[in-house]
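First the structure, in the form of structure tokens, and then the observations on it.
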Amino acid sequence: MAAASISSDLLERLREALGPGGVLTTEDDLAPHALDWRRLFPGKPAAVLRPSSTREVAAAVALCRDAGVAIVPQGGHTGLAGGATPDGSGSQIVLALGRMNAIRAIDPVGLTLEAEAGCIVQNVQAAAEAANRLFPVSFAAEGSAMIGGMIATNAGGINVLRYGMTRNLVLGLEVVLADGTVVDGLRALRKDNAGYDWKQLFIGSEGTLGIVTAAVLRLAPRPLHTATAFLAVDDPEAALRVLRAAQDELGDTIQAFELISGTSLRLVARHAGLKSPIADAPWTILIEAGSSLSGLRDAVETMLGAVLERGDARDGVLAESQAQAGKLWALRERITESEALEGRSIKHDVSVPIPAIPTFLEAADRALAGGAPGAVANVFGHMGDGNIHYNVVVQPEQDGAAINRLVHEVVGRLGGSISAEHGIGQYRVDELVAHRRPEEIALAKRIKRAMDPNGLLNPGKVLRGGWLLRGNPAK
Ligand code: MLT
Ligand code: ZN
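Residue 1 is where the sequence shown starts when you use UniProt numbering, and the numbers rise one by one after that.
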């Protein structure tokens with residue numbers, strides 16, 4: 001039994017509320033919930049709760065509140081910032097939402113889908129597709145990530161350019177508050193301007209303000225045609241010119257515009273065994289466009305011809321089939337796992353104004369060469385959103401926090417953000433304070449105090465704890 005640091009009375013009550021399979025306490029059962037995907041934040045859950053309904057979540061939260069025990073909500077546990085992992089004290093309970101996995105309703109005309117927090121993102125995409133509709137949120141971990149985590153982190157991914165972040169795709173939300181109150185805002189309305197839009201407070205709050213139990217998601221019509229192109233360019237400036245051409249020629253049909261460095265493709269070749277169809281390019285771009293009108297492929301071909309003729313791109317491939325498009329996407333999607341197999345990496349999930357991307361990359365490379373000699377930047381990301389993953393593969397002895405500061409200093413100078421889509425979690429807690437105005441941090445603390453006065457919801461994530469119980473948000 002591992003559940004030493006919470007009382008047997010609380011465990012007994014939780015078992016009564018959640019049923020026999022609802023409370024896990026053995027080392028073997030706790031292990032999969034203890035470590036984040038990057039293996040950076042080893043935690044020690046006191047127990048893992050597996051509620052099967054919103055009512056059970058509410059009961060569990062109320063019992064923990066009464067006992068003064070902290071809760072760490074957990075979905076697919078694929079986040080890259082350690083937001084869903086308990087600390088090492090052995091006193092925090094993980095609330096795993098995976099049993100709440102029903103897709104409750106789908107409306108192909110109203111373009112909405114209602115799902116519980118534990119639904120796997122890919123299953124929601126598949127349900128939408130079965131109704132000939134599109135659920136547009138898509139990212140490499142979609143086969144394990146869950147809707148609750150996607151909402152709690154305001155996940156981005158490859159289609160933000162056209163469809164926006166998760167925030168834009170949530171129409172209604174059901175949450176359990178820190179005292180166990182259930183707030184049902186599961187309205188399937190495309191327009192709803194009645195009072196505060198409180199759901200936005202929970203989206204991206206990483207489980208620190210309440211627990212998402214279900215949501216009404218926005219669907220889109222499925223584009224009947226897609227075109228996927230892979231281009232080699234000499235440098236990020238040239239990539240910017242290609243983006244401009246794509247915007248001019250393809251308009252709002254562009255769904256994804258991803259930048260991939262030669263280093264990223266070498267990692268994917270080495271660890272995933274996948275070869276790029278264009279050898280030795282210093283930079284490549286993966287573009288996807290979608291439309292239900294005919295003529296999309298011709299438009300993409302014309303755009304490719306123009307950028308090749310102008311010398312903005314030096315080579316290009318237009319996928320001939322869905323299978324070929326899938327192979328091009330695999331080169332992009334397997335970067336993160338290949339980077340993890342290469343060794344320790346210091347991630348930066350930054351955004352800057354899109355035209356500043358080349359300046360950012362040059363300045364970050366310079367800062368890295370000066371401050372962390374021998375470190376290798378694995379650069380890729382969602383260029384069309386201004387979101388670059390400037391991940392630095394380092395030797396075990398190199399100081400990760402110092403590298404974070406070097407890169408984030410450049411981001412700050414360019415008016416950027418230190419987290420474009422992964423969130424703050426545990427990984428960026430100190431950096432957040434350094435990169436937001438004091439008034440913004442004080443406001444965040446006021447909100448946290450109002451929503452979770454006892455500091456029991458995912459403590460230490462987004463904001464460090466301590467100040468809450470000392471009672472002074474200015475500290
Ligand atoms: C991705 O876009 O593949 C991930 O968000 C990036 C990462 O692994 O840093
Ligand atoms: Zn990303």
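Glycine is no exception: its CB is placed at the ideal position from the N, C-alpha and C atoms. Note that this is a predicted model, so its numbers are computed, not measured.
Only counting the same chain, and skipping five residues up and downstream in sequence, which positions put a Cβ closer than 7 Å to that of residue i?
i      : result
Ala2   : Low confidence applies to Ala2: its pLDDT is 44, below 50, so where it sits in the model is not reliable enough to give any reading.
Leu341 : His271
Asp365 : Ala377
Met383 : Ala239, Leu243, Phe257, Glu258, Leu259 and Ile357
Pro42  : Ala34, Leu35 and Gly88
Val48  : Leu24, Asp29, Leu30, His33, Val94 and Ala96
Thr166 : Val137, Met150, Ile151, Asn154, Ala155 and Ile203
On the DSSP bridge assignment, give the partners of residue i in chain order.
i      : result
Ile403 : BP columns for Ile403 are empty, so no partner.
Thr112 : Asp107 and Arg218
Met146 : Ile120
Phe41  : Its beta-bridge partners do not exist; DSSP assigns none.
Arg133 : Pro221
Looking only at C-alpha atoms, which of the options sits nearest to residue i?
i      : options                           : result
Thr359 : Val407, Val392 and Val393         : Val407
Cys119 : Lys327, Val212, Asp197 and Ala62  : Val212
Thr228 : Pro353, Glu301 and Gly98          : Glu301
Gly326 : Val433, Thr226, Pro459 and Pro32  : Thr226
Asn193 : Ala127, Leu171 and Leu286         : Leu171
Asn314 : Gly251, Leu328, Gly343 and Ala279 : The sequence as given places Arg at residue 314; Asn does not occur at that position. Checking every option, the nearest Cα to that of Arg314 belongs to Ala279.
Asp87  : Ala442, Gly425, Ala434 and Leu432 : Gly425
Glu56  : Val109, Pro42, Gly180 and Ala155  : Gly180
Glu288 : Leu169, Gly423, Glu397 and Val160 : Val160
Ala141 : Ala127, Asp235 and Asn123         : Asn123
Lys347 : Leu304, Gly400 and Ser338         : Gly400
Leu432 : Leu186, Arg449 and Lys461         : Lys461
Met303 : Glu439, Leu224, Thr263 and Gly251 : Gly251
Among the residues of its own chain, which have a CB less than 8 Å from the CB of residue i, if the five just before and after it don't count?
i      : result
Val69  : Ile6, Leu10, Ala46, Ser91, Gln92, Ile93 and Leu456
Leu265 : Ser276, Ala281, Thr284 and Leu331
Phe202 : Ile151, Ala152, Leu173, Val175, Leu209, Gly210 and Val212
Ala269 : Lys275 and Ser276
Lys445 : Leu463, Trp467, Leu468 and Pro473
Quick one: measure Cβ to Cβ for residue i and residue j, integer angstroms, because I've assumed they're closer than 8 Å.
i           : j      : result
Ile147      : Val121 : 6 Å
Leu274      : Ala330 : 6 Å
Ala145      : Thr208 : Rounded, the Cβ-Cβ distance is 19 Å, inconsistent with contact.
residue 477 : Asp197 : Residue 477 is absent from the model: the chain starts at 1 and stops at 475.
Ala367      : Val411 : Between Val411 and Ala367 the Cβ distance is about 11 Å, and since that is not below 8 Å, they are no contact.
Leu217      : Gly381 : The Cβ separation is near 25 Å, so there is no contact.
Ala102      : Tyr163 : So it is not a contact: roughly 24 Å between Cβ atoms.
Ser345      : Val393 : 5 Å
With a CB to CB cut of under 6 Å and the five nearest residues on each side skipped, what residues in its chain are close to residue i?
i      : result
Val379 : Ser261 and Tyr390
Ala474 : Per-residue confidence for Ala474 stands at a pLDDT of 48, beneath the threshold of 50, marking its modelled position as unreliable; no derived number is given.
Val317 : Phe230 and Pro277
Ala59  : Ala17
Gly76  : Ser144, Ala145, Met146 and Gly149
Arg50  : Gly22, Ala96 and Arg99
Closer than 7 Å to a non-hydrogen atom of the ligand MN - does that hold for the CB of residue i?
i      : result
Asn391 : Ligands in the displayed structure: the ligand MLT and the ligand ZN; the ligand MN is not one of them.
Using a Cβ cut-off of 8 Å (strictly closer), state whether residue i contacts chain B.
i      : result
Leu189 : Reference to chain B is not applicable here, since this structure consists of a single protein chain.
**Prompt:** Taking only runs of the beta strand (DSSP E) that begin and end inside the segment 203–268, which ones reach a length of at least 3 residues, in chain order?
**Reply:** 211–218, 225–233 and 254–261
**Message:** Please give me, in chain order, every unbroken run of the alpha helix (DSSP H) with length at least 4 that falls completely inside the segment 145–201.
**Reply:** Here the runs fully enclosed are 147–152 and 160–163.
**Prompt:** Hey, which unbroken runs of the beta strand (DSSP E) at 3 residues or more fall wholly within the segment 380–440?
**Reply:** 387–393
**Inside the segment 293–358 only - beta strand (DSSP E) runs reaching at least 3 residues** = 315–318 and 349–351
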